[in-house]
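From first to last, the protein sequence lines stand for chains A and B. In terms of my numbering, the first sequence has 267 at position 239, counting the first letter as 1, and numbering is strictly consecutive. In terms of my numbering, the second sequence has 35 at position 7, counting the first letter as 1, and numbering is strictly consecutive. Glycine included, every Cβ here is placed at the ideal spot set by N, Cα and C. Quantities reported herein were computed from a predicted structural model and do not represent experimental measurements. Presented below is the structure to which this report refers.
2 protein chains.
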Amino acid sequence: MGNGPVQRPTLKDIAQKTGYSINTVSRALRNMPDIAVETRERIREVAREMGYHNNALASSLRLGRTNTIAVIIPDISNLFYAFALVEIERGAREQGYSTILLNTSESGAFEQNAIKTALQKNVDGIIFGPAQQSLDNTRMLMGSGTPFVQFARHFESVNADFCVGDDKLGGYQATAHLIEKGHRNILLLNGLAAHNSSARDRQAGYRAAHEAAGLPVQPDLVREVSILAGDVGQQLMGMLRQRPDITAVFAYSDLVALSAMAHLQQNGVRVPQDISIVGFDYIQSCINLPVPLTTVDIKIREMAAAALKCLLEKIAGPDSSKVVCQKFTRTELVPGATVQDIN
Amino acid sequence: MGNGPVQRPTLKDIAQKTGYSINTVSRALRNMPDIAVETRERIREVAREMGYHNNALASSLRLGRTNTIAVIIPDISNLFYAFALVEIERGAREQGYSTILLNTSESGAFEQNAIKTALQKNVDGIIFGPAQQSLDNTRMLMGSGTPFVQFARHFESVNADFCVGDDKLGGYQATAHLIEKGHRNILLLNGLAAHNSSARDRQAGYRAAHEAAGLPVQPDLVREVSILAGDVGQQLMGMLRQRPDITAVFAYSDLVALSAMAHLQQNGVRVPQDISIVGFDYIQSCINLPVPLTTVDIKIREMAAAALKCLLEKIAGPDSSKVVCQKFTRTELVPGATVQDIN
DNA sequence: CTCCAAATTATTAACCTTAATGTAACACTG
DNA sequence: CAGTGTTACATTAAGGTTAATAATTTGGAG
Numbered sequence: 029m030g031n032g033p034v035q036r037p038t039l040k041d042i043a044q045k046t047g048y049s050i051n052t053v054s055r056a057l058r059n060m061p062d063i064a065v066e067t068r069e070r071i072r073e074v075a076r077e078m079g080y081h082n083n084a085l086a087s088s089l090r091l092g093r094t095n096t097i098a099v100i101i102p103d104i105s106n107l108f109y110a111f112a113l114v115e116i117e118r119g120a121r122e123q124g125y126s127t128i129l130l131n132t133s134e135s136g137a138f139e140q141n142a143i144k145t146a147l148q149k150n151v152d153g154i155i156f157g158p159a160q161q162s163l164d165n166t167r168m169l170m171g172s173g174t175p176f177v178q179f180a181r182h183f184e185s186v187n188a189d190f191c192v193g194d195d196k197l198g199g200y201q202a203t204a205h206l207i208e209k210g211h212r213n214i215l216l217l218n219g220l221a222a223h224n225s226s227a228r229d230r231q232a233g234y235r236a237a238h239e240a241a242g243l244p245v246q247p248d249l250v251r252e253v254s255i256l257a258g259d260v261g262q263q264l265m266g267m268l269r270q271r272p273d274i275t276a277v278f279a280y281s282d283l284v285a286l287s288a289m290a291h292l293q294q295n296g297v298r299v300p301q302d303i304s305i306v307g308f309d310y311i312q313s314c315i316n317l318p319v320p321l322t323t324v325d326i327k328i329r330e331m332a333a334a335a336l337k338c339l340l341e342k343i344a345g346p347d348s349s350k351v352v353c354q355k356f357t358r359t360e361l362v363p364g365a366t367v368q369d370i371n
Numbered sequence: 029m030g031n032g033p034v035q036r037p038t039l040k041d042i043a044q045k046t047g048y049s050i051n052t053v054s055r056a057l058r059n060m061p062d063i064a065v066e067t068r069e070r071i072r073e074v075a076r077e078m079g080y081h082n083n084a085l086a087s088s089l090r091l092g093r094t095n096t097i098a099v100i101i102p103d104i105s106n107l108f109y110a111f112a113l114v115e116i117e118r119g120a121r122e123q124g125y126s127t128i129l130l131n132t133s134e135s136g137a138f139e140q141n142a143i144k145t146a147l148q149k150n151v152d153g154i155i156f157g158p159a160q161q162s163l164d165n166t167r168m169l170m171g172s173g174t175p176f177v178q179f180a181r182h183f184e185s186v187n188a189d190f191c192v193g194d195d196k197l198g199g200y201q202a203t204a205h206l207i208e209k210g211h212r213n214i215l216l217l218n219g220l221a222a223h224n225s226s227a228r229d230r231q232a233g234y235r236a237a238h239e240a241a242g243l244p245v246q247p248d249l250v251r252e253v254s255i256l257a258g259d260v261g262q263q264l265m266g267m268l269r270q271r272p273d274i275t276a277v278f279a280y281s282d283l284v285a286l287s288a289m290a291h292l293q294q295n296g297v298r299v300p301q302d303i304s305i306v307g308f309d310y311i312q313s314c315i316n317l318p319v320p321l322t323t324v325d326i327k328i329r330e331m332a333a334a335a336l337k338c339l340l341e342k343i344a345g346p347d348s349s350k351v352v353c354q355k356f357t358r359t360e361l362v363p364g365a366t367v368q369d370i371n
């Protein structure tokens, strides 16, 4: 017959079919009081028959809320964010919220667009995992009036909510573990500290662990690498040539650690016999690795759950500009098989 | 002053401020014709000053489209889907679409809710990565009138669009590679074939490769495991005890392969010296592994891009029930370091 | 000066839902 | 039996945008 695309039924259609007013139908379907029981049942029956389901657009427009949050993060294919996203999406769904995903690829410009999109779509709140160098965007977000929580990274200069890992503690734990196992020349393969609070804090922890052990911090043992740029192997092998006395590597993240291990493997350097490695993030909580990596559990699930909880509180609360939560999740060292005791 | 949450300005506000009608303001901001140049500029100027941005809810309600797609998939923390999601989100964004993410955790019930949510939110289309055992949901989706494309898995009994990997080819390539390297007793650690087209097809490829080589298929060498249930190690080590003549494993996915390798490692079995392993998916395209895994590249990016392209075509097209694309992306064997030549 | 066409702007209605307000019928109270 | 309260529904308005239609102004031709 070619009767074309079937339009979804509206309250009006049900009203016509049942002979009640639109308002009565609406109230019946929402189980509101002041409706005769048999009326309600009849209307609900017809709605079911017609395959009615509420039009969230119209509803949101009227109610002024969308039951939707946006998650703006730098890289979903990074297991850290992927796993966080799972938690956030699940928790949001359980509370009746949908999740709009906006990936920024660590780009400030993309991030700005992402924020604009989120605002246009009238999301009720935003989980904001800042890209590097996005202070301006964070400020813009503050001015928007839409509740948001900084996730994973944060800006000290902005007084806003955040849920981040205790990167300094984690950096300390990783480094102290290596020192305890007898390592003295520990290469830090860090992220880009200039624009990344996590990288700065992990480095601070690295320094603090040295100081606590009475060891000097050797500036040339701190290097910055970028997974996206793919320069991990180059920097690592270069350093090992320059400083053959290096016995251990503290990697900014498990991804960096894995990349480092792959390059060491290729060059015939054994882990942990020749070089010990500690990573960061504990992605093994979501992927099995052939060799368990010694790493720092940053408690992704906990961090994600805390961020979501904070955001929902802000959404429910009367004043979205009030800071509700500035949380550092406590990290924990997870021993694996990539650190050699050389005492 | 406590002047409360600042309301976002609307067309009405701009109209009042400039003295023009709402319609004129709307047309000015959308760069429509039939407006005096100076009027347009003046209005746009004021809009900028007031920080106006379009209310997508109202716009969508009026226009009947949301510029939003939903991605309904079983598990975002599975790198396969995570990487696909990156591609889909990026492509969608480039075409002006936002992405709502709905994770189903392989649950048919969650999936049903996800579909309902997507329909309520009036998404323009759905990338649908079916959970296992979700044939009914797929049928429901067909009846909804909303364009969708099955992704990664599909149902033969439903005549609808899909973009999936050529699982049979991939299964063949993996198995043939092992046979070529001299392996005769190849354990297939498959997914749950009863509810998963990929698992069935990969197994068909496994069988075909045996037949092509004139080898018998040994039914006891085909086992089904579940990453979520965590029974990979148990099944694998059990089989190796029963059949010490097994020299190779073809794993359903890289995740299964990694899990298998971890258990082999723990039990002192060396890869590839004692046991060869081939995986599936090529997650190394997004994560470095210390030892390169021999695997089958299922072309995630290509598959994701194809699915999105197909969906956008359906959205743009006049008849969303018309099947536009039923595509199998061609797989490719990627040699790594986990297969031993025992010829 | 009149009339027509073109250019510009305004008015109205519609998308679908929800909340506030309005109305009618009926039972009960004193 | 007038007045009050309750029950069950209907009507109206509003949320912000856009498209169709209507109205006004301007310029030019005759």
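- With fewer than 16 other CB atoms across the displayed protein chains lying within 10 angstroms of its CB, residue 247 of chain A is exposed.
- For the segment 111 to 137 of chain A, the set of positions with a beta-carbon nearer than 8 Å to some beta-carbon of chain B reads 111, 113, 114, 117, 118, 121, 126, 127, 128, 129, 130, 131 and 133 in chain order.
- Listed in chain order, the non-local C-beta contacts of residue 352 of chain A below 8 Å within the same chain comprise 189, 338, 341, 342 and 345, local neighbours out to five positions each way being set aside.
- A contact is defined here as three or more CB-CB pairs under 8 Å, and the segment 84 to 102 of chain B fails this definition with respect to the segment 96 to 104 of chain A.
- Taking the beta carbon of residue 88 of chain A as reference, the chain B residues within 8 Å of it are 85, listed in sequence order.
- Residue 358 of chain A and residue 334 of chain A have their C-alpha atoms spaced approximately 12 Å apart.
- Cβ contact annotation for residue 52 of chain B (same chain, cutoff 8 Å, sequence separation greater than five): 43, 63, 67 and 71, in chain order.
- Secondary structure note for residue 257 of chain A: it is in no beta strand (DSSP E), with a DSSP letter that is neither H nor E.
- Counting only unbroken stretches of 4 or more residues, the alpha helix (DSSP H) elements lying wholly within the segment 151 to 193 of chain A are 163 to 172, in sequence order.
- Rounded to the nearest angstrom, the Cβ distance from residue 367 of chain B to residue 205 of chain B is 7 Å, consistent with a contact under 8 Å.
- Remark: C-beta atoms of residue 318 of chain B and residue 319 of chain A approach each other more closely than 8 Å.
- One finds 81 in chain A with Cβ atoms closer than 9 Å to the Cβ of residue 144 of chain B, taken in chain order.
- Taking C-alpha positions only, residue 303 of chain B is separated from residue 288 of chain A by approximately 25 Å.
- Annotation: Cβ neighbours of residue 149 of chain A in chain B (cutoff 8 Å, chain order): 84, 85, 96 and 126.
- DSSP assignment within the segment 57 to 120 of chain A yields the following whole alpha helix (DSSP H) runs of 4 residues or more, N-terminal first: 65 to 78 and 84 to 91.
- Taking all protein chains shown into account, residue 332 of chain B has 16 or more neighbouring C-beta atoms within 10 Å of its C-beta and is therefore buried.
- Contact between residue 145 of chain A and residue 126 of chain B holds: their C-beta atoms lie close to 6 Å from each other, under 8 Å.
- A straight line joining the alpha-carbon of residue 315 of chain A with that of residue 105 of chain B spans about 9 Å.
- In terms of Cβ geometry, residue 148 of chain B and residue 84 of chain A form a close pair [threshold 8 Å].
- Not one beta carbon of chain A lies nearer than 8 Å to the beta carbon of residue 304 of chain B.
- A residue is called buried once 16 or more other Cβ atoms fall within 10 Å of its Cβ, and residue 92 of chain B, having fewer, is exposed.
- One thing to note: residue 230 of chain B has its Cβ within 8 Å of the Cβ of residue 308 of chain B.
- Under a criterion of Cβ atoms nearer than 8 Å, no residue of chain A is adjacent to residue 100 of chain B; the nearest Cβ is some 11 Å distant.
- When DSSP assignments are scanned along the segment 228 to 291 of chain A, the uninterrupted stretches of alpha helix (DSSP H) that are 4 or more residues long and fall wholly within it turn out to be 260 to 270.
- Residue 108 of chain B and residue 311 of chain B do touch by the CB rule: their CB atoms are close to 7 Å apart, below 8 Å.
- Closest in C-alpha terms to residue 187 of chain A, from the list A:60, A:154, A:297 and A:350, comes A:350.
- The beta carbon of residue 318 of chain B falls within 8 Å of a beta carbon belonging to chain A, placing the residue at that interface.
- Burial of residue 175 of chain A is indicated by the presence of at least 16 other C-beta atoms within 10 angstroms of its C-beta.
- Neighbours of residue 159 of chain A across chain B, judged by C-beta separation under 9 Å, do not exist; the nearest C-beta is about 15 Å away.
- Around the CB of residue 61 of chain B, fewer than 16 other CB atoms lie within 10 Å, so the residue is classed as exposed.
- Looking at the DSSP output, residue 315 of chain A bridges to nothing.
- Of the candidates A:326, A:203 and A:266, A:203 places its Cα closest to the Cα of residue 244 of chain A.
- Here residue 141 of chain B carries a helix assignment [DSSP, helix/strand/coil].
- Per DSSP, reduced to three states, the secondary structure at residue 354 of chain A is strand.
- Nearest CB-CB separation between residue 162 of chain B and chain A: not below the 8 Å threshold.
- Boundaries for residue 305 of chain B: no alpha helix (DSSP H) harbours it, while the beta strand (DSSP E) harbouring it runs 304 to 306, taken from the DSSP string.
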